[in-house]
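Residue numbers (the numbering used here): 358 to 969.
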Amino acid sequence: MCGIVGYTGPQSAFTPIVEGLRRLEYRGYDSAGIALGTGTSLFVEKRAGKLANLEGALPANLPTVHSGIGHTRWATHGGPTDRNAHPHLDNEGKLAVIHNGIIENYSELKAELEKRGHKFESETDTESVAHLLSELRKEHGGDLTAAMRAAVRRLRGSFTLLAIHADAPQTIVGVRRNSPLVAGLGKGENFLASDVAAFIDYTKRAVELGQDEVVTISPEGIAICDLDGKALPLKEYEITWDAAAAQKGGFAHFMLKEIFDQPKAIADTLIGRLSDNDQVLLDELHMSDDEIKKIKRISVIACGTAYHAGMVAKYAIEKWAKVPVDVEIASEYRYRDPIVDKDSLVIAISQSGETMDLLMAVRHAKAAGARVLAVCNTNSSTIPRESDAVLYTHAGPEIAVASTKAFLTQIVAVYLIGLKLGQVRGTLTDAQVKSLYNEMLELPGQVEQILETIEPLRELTRKFVKNNTVLFLGRGIEYPVALEGALKLKELAYIHAEGFAGGELKHGPIALIEEGTAVIAILPTKDEHALDEKMLSNIQEVKARGARVVVIAPEGAEVIGAEHIIRIPVASPLFQPVLATVPLQVFAYEIAVARGTDVDQPRNLAKSVTVE
Ligand code: F6R
């Protein structure tokens, strides 16, 4: 989960590399480093901490050079120190390597290389690759691409690697296995990066790289080959979003901007999904009506916030399509012999499309014969590429580490799948589908309405800044929303926060309540189960024990026992999560700002988790 950039071309390489790293800092920010090819040697600088530390350490008279590599790190092997920061060098200081992922057999390699006289400087797994590549380059007459092909055959694990050598600095060689890497095709200049965001200012032409493909860039072009050296065709695609979409747009933080992006993100995900004769249009599923009718069970797999979207989805899909749905944390999935076969549809939800836990679960499900449908926000990322089909959410780039707009678009995307399944399986009539779809089309406007009243909500939130425990209560489909509210607060404000199903309180968690404990309760829209009344009882139970209760409630609903009420527009029960989530995002954001934490890059986290 590190960010990687490579540049070669006529510009001074420093700017595209450092600006690229700034765009990739969401992937890790424990340390940063660069290696620039000066023509005779490498200029290398690296520093623990954020990119700003590296920039502060650079000399004013930095040489003007035209190629180089840069790295921003999320530490795995070896603490976040200057020494462990990338790039790592061979003993001659002429070959530099940067790496994202884990080299599982690094200690074996290190022992072998040390026996042959290599001296190691760091505690990282990456350094073994620098030494190995250096040896192999010599064996291959100075050909770095051939050396990389040979090196990869010796490596186990998941990795993206980039290497540069002082003797031919305009050439940068990369490879990927289970970790992201994409090439950018410019005019007389070319790029490599973990994510297109790094080079979007310079080119919108990107080239996909497959598993174990070795890529070589120079100002003249991009060449890709497999591990046997066979040249492969370039799979080029156009990047559809522009640089402005990845800027803060006047907001104090990316997270706040992304909260405000939500109405558009939901609208973009929903647009054009119902035909004039009320048929759900989801050709991306690549499933015939017959295949849809044969589905016996659905498993939703995901991590973190995306897992909460999956939990929400279960309520809608089961209600509409009458298929049993189980929802599972991806990191647990393949370790318990899940019941999955050709009659199963597995829905893998991911913003980044690179989450390793999910990728492994997807592979497991595919190997068991299931059909895998990815719901993803990142074009051409690994999980959609390895799935049978993909439905893209259209949230646009999500830069803040805490997921917001991706979550809401994941919910509506999976709802579209639920509608499609219900319609094809005959459990929903066309008229019902039309009415549900039309109700979903109201959601962007309703979220907009909540955001228009954000100021009083921010003010209210500040009253809870000193609380060190906040509990979230939900019932029914609002239970996963309570979990999501708690996750946001934990990761952003580093506060003990937990989400509970209201009915579970009496089975243990109520013991946590003491005088002044903050409780945020989501009052469900009234339905046939009268869950709202049950939640009102839960509110009384915690209030009687001293809790300060904030209630998120639909306009007009009667609320008793709340210290504060946050009103949201009325939506039918299945759609309420999309609305109820928004105040919780704002709550976590505001507390984090007031407590002075790093909102966009919370400690110990990274946006894209490409290790298991
Ligand atoms: C929380 C958050 C994480 C991600 C999780 C999955 O705000 O962002 O919990 O949801 O790491 O990431 P993706 O969706 O990229 O697979």
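Glycine included, C-beta positions come from ideal geometry on N, C-alpha and C.
Owing to the predicted nature of the structure, the values given are computational and were not obtained by experimental measurement.
Using C-beta distances below 8 Å, list every residue in its chain close to residue i, excluding the 5 sequence neighbours before and after it, in chain order.
i	result
residue 682	654, 655, 656, 657, 670, 671, 674 and 675
residue 559	373, 541, 543, 546 and 548
residue 844	661, 662, 665, 854 and 856
residue 616	761, 762, 808, 939, 942, 943 and 946
residue 804	619, 620, 623, 765, 935, 936 and 939
residue 439	388, 403, 404 and 405
residue 568	533, 534 and 535
residue 352	The requested residue 352 does not occur in the structure, where the chain is confined to residues 358 to 969.
Is the Cβ-Cβ distance between residue i and residue j less than 7 Å?
i	j	result
residue 384	residue 360	yes
residue 528	residue 575	yes
residue 452	residue 408	no
residue 405	residue 437	yes
residue 849	residue 839	no
residue 724	residue 703	no
residue 519	residue 508	no
residue 480	residue 435	yes
residue 388	residue 430	yes
residue 746	residue 641	yes
residue 427	residue 486	no
residue 833	residue 881	yes
residue 394	residue 366	no
residue 734	residue 752	yes
residue 522	residue 538	no
residue 512	residue 455	no
residue 463	residue 958	no
residue 773	residue 677	no
residue 445	residue 470	no
residue 731	residue 744	yes
residue 909	residue 879	yes
residue 637	residue 776	yes
residue 967	residue 713	yes
residue 432	residue 390	no
residue 707	residue 740	yes
residue 684	residue 668	yes
Suppose the cutoff is 6 Å on Cβ atoms and the five residues either side in sequence are ignored; what does the same chain contact list for residue i look like?
i	result
residue 965	358, 384, 709 and 711
residue 847	854
residue 357	The chain is shown from 358 up to 969; residue 357 falls before or after that span and cannot be answered.
residue 883	889
residue 503	497
residue 877	829 and 907
residue 572	531, 540, 566 and 581
residue 875	821, 824, 827 and 905
residue 410	404
residue 794	631
What residues match up with residue i in a beta bridge as DSSP calls it?
i	result
residue 683	656
residue 593	564
residue 911	925
residue 548	364 and 541
residue 403	390
residue 534	516
residue 705	658 and 731
residue 573	530 and 580
residue 905	875
residue 522	452
Within its chain, find whatever has a CB closer than 7 Å to the CB of residue i; leave out the 5 residues flanking it on each side and keep chain order.
i	result
residue 603	380, 554, 557, 754 and 756
residue 415	402
residue 635	787, 790 and 791
residue 691	717, 718 and 721
residue 591	564, 579 and 581
residue 650	781 and 782
residue 872	903
residue 419	371
residue 598	753 and 754
For residue i, decide whether its Cβ has a neighbour in chain B, counting only Cβ atoms nearer than 7 Å.
i	result
residue 569	Here there is only one protein chain, and chain B is not present.
Practice item. Would you list, in sequence order, the uninterrupted beta strand (DSSP E) runs of no fewer than 3 residues that lie entirely inside the stretch 428-495? Key: Along the length of the stretch 428-495, whole beta strand (DSSP E) runs at least 3 residues long occupy 452-460, reported in chain order.
Exercise for review: May I have a chain-ordered list of the beta strand (DSSP E) segments no shorter than 3 residues that lie completely inside the stretch 790-869?
Suggested key: List check, beta strand (DSSP E) in window: 826-831 and 853-858.
Exercise for review: Can you check the stretch 625-671 for any alpha helix (DSSP H) of at least 4 residues that lies completely inside it and give the ranges in chain order?
Suggested key: Fully enclosed alpha helix (DSSP H) runs of 4 or longer: 646-651.
Exercise for review: Kindly provide the ranges of any alpha helix (DSSP H) runs that are 4 or more residues long and lie completely inside the stretch 711-784, ordered along the chain.
Suggested key: Taking 4 residues as the minimum length, the alpha helix (DSSP H) runs contained wholly in the stretch 711-784 are 713-724, 739-743 and 762-782, in order along the chain.
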